[in-house]
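Chains as they are written, first to last, in my numbering: chain A, 66 to 278; chain B, 66 to 278. Cβ atoms here follow ideal geometry from the backbone N, Cα and C, with glycine treated the same way. None of these values were measured; they are calculated from a predicted model.
Number of protein chains: 2
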Amino acid sequence: MKRIADSTIRRLSLYLRFLEDFEARGLSTISSDELAARGGTTSAQVRKDLSFFGSFGKRGLGYSVPELSSRLRKILGLERDWRVIIIGAGKIGAALAQYNGFSERGFLITAIYDNDPGKIGRQVDGLTIRALERLSSDPESAAADIAVIAVPASAAQTTADLVVDAGIHAIMSFAPRRLRVPDDVAVKMVNMAMELEGLSFALTNRDSDRESD
Amino acid sequence: MKRIADSTIRRLSLYLRFLEDFEARGLSTISSDELAARGGTTSAQVRKDLSFFGSFGKRGLGYSVPELSSRLRKILGLERDWRVIIIGAGKIGAALAQYNGFSERGFLITAIYDNDPGKIGRQVDGLTIRALERLSSDPESAAADIAVIAVPASAAQTTADLVVDAGIHAIMSFAPRRLRVPDDVAVKMVNMAMELEGLSFALTNRDSDRESD
DNA sequence: GCTAACTTGTGAAGAAATTCACAAGCCGCG
DNA sequence: CGCGGCTTGTGAATTTCTTCACAAGTTAGC
Numbered sequence: 066m067k068r069i070a071d072s073t074i075r076r077l078s079l080y081l082r083f084l085e086d087f088e089a090r091g092l093s094t095i096s097s098d099e100l101a102a103r104g105g106t107t108s109a110q111v112r113k114d115l116s117f118f119g120s121f122g123k124r125g126l127g128y129s130v131p132e133l134s135s136r137l138r139k140i141l142g143l144e145r146d147w148r149v150i151i152i153g154a155g156k157i158g159a160a161l162a163q164y165n166g167f168s169e170r171g172f173l174i175t176a177i178y179d180n181d182p183g184k185i186g187r188q189v190d191g192l193t194i195r196a197l198e199r200l201s202s203d204p205e206s207a208a209a210d211i212a213v214i215a216v217p218a219s220a221a222q223t224t225a226d227l228v229v230d231a232g233i234h235a236i237m238s239f240a241p242r243r244l245r246v247p248d249d250v251a252v253k254m255v256n257m258a259m260e261l262e263g264l265s266f267a268l269t270n271r272d273s274d275r276e277s278d
Numbered sequence: 066m067k068r069i070a071d072s073t074i075r076r077l078s079l080y081l082r083f084l085e086d087f088e089a090r091g092l093s094t095i096s097s098d099e100l101a102a103r104g105g106t107t108s109a110q111v112r113k114d115l116s117f118f119g120s121f122g123k124r125g126l127g128y129s130v131p132e133l134s135s136r137l138r139k140i141l142g143l144e145r146d147w148r149v150i151i152i153g154a155g156k157i158g159a160a161l162a163q164y165n166g167f168s169e170r171g172f173l174i175t176a177i178y179d180n181d182p183g184k185i186g187r188q189v190d191g192l193t194i195r196a197l198e199r200l201s202s203d204p205e206s207a208a209a210d211i212a213v214i215a216v217p218a219s220a221a222q223t224t225a226d227l228v229v230d231a232g233i234h235a236i237m238s239f240a241p242r243r244l245r246v247p248d249d250v251a252v253k254m255v256n257m258a259m260e261l262e263g264l265s266f267a268l269t270n271r272d273s274d275r276e277s278d
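1. Count the other CB atoms, across all protein chains shown, that sit within 10 Å of the CB of Lys139(A); report buried if there are 16 or more and exposed otherwise.
2. Does any CB atom of chain A fall closer than 8 Å to the CB of Phe87(B)?
3. Examine the Cβ distances between the stretch 77–90 of chain B and the stretch 186–196 of chain B and report whether three or more of them are shorter than 8 Å.
4. Which word fits Ala212(A), buried or exposed, when buried means at least 16 other C-beta atoms lie within 10 angstroms of its C-beta?
5. Do Val252(B) and Ser238(B) count as a contact pair if the criterion is CB distance below 8 Å?
6. Quick check on the burial criterion: 16 or more other C-beta atoms within 10 angstroms. Buried or exposed for Leu268(B)?
7. Looking at the secondary structure, which residues open and close the alpha helix (DSSP H) in which Arg148(B) lies?
8. Mind checking the stretch 71–97 of chain A against chain B and listing, in chain order, the residues whose C-beta falls within less than 9 Å of any C-beta there?
9. Does Gly104(B) have its Cβ less than 8 Å from a Cβ in chain A?
10. What residue does the alpha helix (DSSP H) around Ala231(B) start on, and which one ends it?
11. Could you confirm whether any beta carbon from chain B is found closer than 8 Å to the beta carbon of Asp230(A)?
12. Are there three or more Cβ pairs, one per stretch, closer than 8 Å when the stretch 97–105 of chain A is compared with the stretch 77–84 of chain A?
13. Report yes or no: is there a C-beta of chain A within less than 8 Å of the C-beta of Leu227(B)?
14. For Pro247(A), which residues in the same chain have their Cβ closer than 7 Å to its Cβ, ignoring the five residues on either side in sequence?
15. Suppose contacts are defined by Cβ-Cβ distances below 8 Å. Is Ile157(A) in contact with Ala209(A) by that definition?
16. Assuming Val301(B) and Glu260(A) make a contact with CB atoms under 8 Å, what is their CB distance in whole Å?
17. Taking the alpha-carbon positions, what's the Ala109(B) to Ser97(B) distance?
18. Pull the bridge partners of Tyr128(B) from the DSSP assignment, please.
19. Classify Pro241(B) as buried or exposed, calling it buried when 16 or more other Cβ atoms lie within 10 Å of its own Cβ.
20. Looking at C-alpha atoms only, which residue of Pro182(B), Asp179(B), Ala176(B) and Ala258(B) is the closest neighbour of Phe167(A)?
21. Which same chain residues end up closer than 6 Å to Ala196(B) when comparing Cβ atoms and leaving out the 5 residues on each side of it in sequence?
22. Quick one: residues in its chain with C-beta nearer than 7 Å to the C-beta of Thr94(A), no 5 flanking neighbours on either side, listed in chain order?
23. List the endpoints of the continuous beta strand (DSSP E) containing Thr107(B).
24. Note down, in chain order, every chain B residue with its Cβ under 7 Å from the Cβ of Asp249(A).
25. Can you name the residues of chain B whose CB is closer than 7 Å to the CB of Glu262(A)?
26. Do you know whose CA, among Leu92(B), Lys113(B) and Glu99(B), lies nearest Thr73(B)'s CA?
27. According to DSSP, is Phe117(A) part of a helix, a strand, or is it coil?
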């Protein structure tokens, strides 16, 4: 299969949410134009995104809501549950463990790890914090699909190495660092402070634009 | 000024973190190549990113760490603090209010709002939850620079409208929705479930690649 | 002061993503 | 059954982003 752009996948994920809304409201068909309006893009973009995976619509009519939504779920691999472990039981890790929005979407948090002896053994939302050094020998991590890395930036790379050694092939990292991993391991970096800095730039730029007008 | 790509800004934000590391370690110069290696990009990309804003380096030598880092802070608008309000005191909103990583980077959380009468008046990390309908009349929101929207997706657009009416020009939204706002309002969408779906896609795709090998 | 070893800054080339534009197909109606 | 009104799917055109490649500038050593 031709390599699919990240931006395409992100949009598919978004379209799926709109379809779920439509499904809940009992609507049966939707056009690329309607999806585009909700997603802030163009109908051509929607059709192009879908075209990488097949042709799911009917000319003149649009897309069947339940069919397209089931197709997207299949494309995105959401027909099954995924087991997620969290590494780092600090503020971010603990907040994620308590957030139930993930399990609602099929991402089940099965374990949480830390390397601080003071934290090991404590409970976070029903999960016992485990010792990080046990990661590779733990049955929970052996069965895990995705690791969330929520450790200090300075420990991110060694943590990633542990995760890779444990046979996990997908990482969501909160550390603002490029993680070096083998090609067959997918990494997504998430960092809200960086997003805020993007807004800071936009605000600053807006002000200077006005001054120079 | 020529429009700068989002991806460029995100990288500048990342470079800045590396520079801060270097600064802390007392190093005085850095080359585009070293920045690139840490950021997972190329030296040409680093130089191009910087070139939109001026030329900060010395040929043959590289960049002065303190100077470049100060320049980037200025470009990103991080020489001042920003006042951030959070709207929605649910799991996400409350977690953000308690997280101190933002204030460390100059994003001060000054107020939190909700429209659930049962929540109004309660404390979250030293902040009293305020009534959402008071948003536009509140001095806190009038002085706010950035609004974080952490309400259910179905309420996101009306919340965004309130925020815009309150004169706020930057929004970070956790709702997987395109928000309709005037051109001079910057919006960043953050959604971890969508990132996880990206990983789900990568894992699914990896598996099917292997099957077909 | 000259040479060698580096590294920047930047047009030009190349790659990737988005938008255009239109043929082809579908539905409903008379 | 044929026509008019829609909407998809997709090559081609366009725009945007990244990489290449090299002249120009800097330092260090001798």
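On the basis of the data shown:
1. Lys139(A) should be labelled exposed.
2. No, because no Cβ of chain A sits closer than 8 Å to the Cβ of Phe87(B).
3. No, the stretch 77–90 of chain B does not touch the stretch 186–196 of chain B.
4. Taking a 10 Å sphere around the C-beta of Ala212(A), we find 16 or more other C-beta atoms and assign the residue as buried.
5. Yes, they are a contact pair.
6. With 16 or more Cβ atoms within 10 Å of its Cβ, Leu268(B) is classed as buried.
7. It is not in any alpha helix (DSSP H) - Arg148(B) instead sits in the beta strand (DSSP E) that spans Trp147 to Ile152.
8. Listed by position, the residues of the stretch 71–97 of chain A near chain B (Cβ gap below 9 Å) are Asp71, Ile74, Arg75, Leu77, Ser78, Leu79, Leu81, Arg82, Phe83 and Asp86.
9. So yes, Gly104(B) belongs to the interface.
10. Boundaries for Ala231(B): no alpha helix (DSSP H) harbours it, and the DSSP string shows neither H nor E there.
11. No, no contact with chain B.
12. Contact between the stretch 97–105 of chain A and the stretch 77–84 of chain A is present, because at least three Cβ pairs lie under 8 Å.
13. Not closer than 8 Å to any Cβ of chain A, the Cβ of Leu227(B) fails to qualify, so no.
14. Excluding sequence neighbours, Pro247(A) sits near Val229.
15. No, they are not a contact pair.
16. Residue 301(B) falls outside the range modelled here, since chain B spans only 66 to 278, and no answer is possible.
17. Near 8 Å, if we compare the C-alpha coordinates of Ser97(B) and Ala109(B).
18. Partner(s): Ile95(B) and Gly122(B).
19. That one is buried.
20. Per the C-alpha coordinates, the member of Pro182(B), Asp179(B), Ala176(B) and Ala258(B) positioned closest to Phe167(A) is Ala258(B).
21. Cβ neighbours of Ala196(B) beyond the five flanking positions: Ile185.
22. These residues qualify, in order along the chain: Leu126, Gly127, Tyr128, Ser129 and Val130.
23. Careful: Thr107(B) lies outside any beta strand (DSSP E) and carries neither H nor E.
24. One finds Arg271 in chain B with Cβ atoms closer than 7 Å to the Cβ of Asp249(A), taken in chain order.
25. Neighbourhood of Glu262(A) in chain B, by CB distance below 7 Å: Ser78, Leu141 and Leu143, in chain order.
26. It is Lys113(B) whose Cα lies nearest to the Cα of Thr73(B).
27. Per DSSP, reduced to three states, the secondary structure at Phe117(A) is coil, with no helix or strand assignment.
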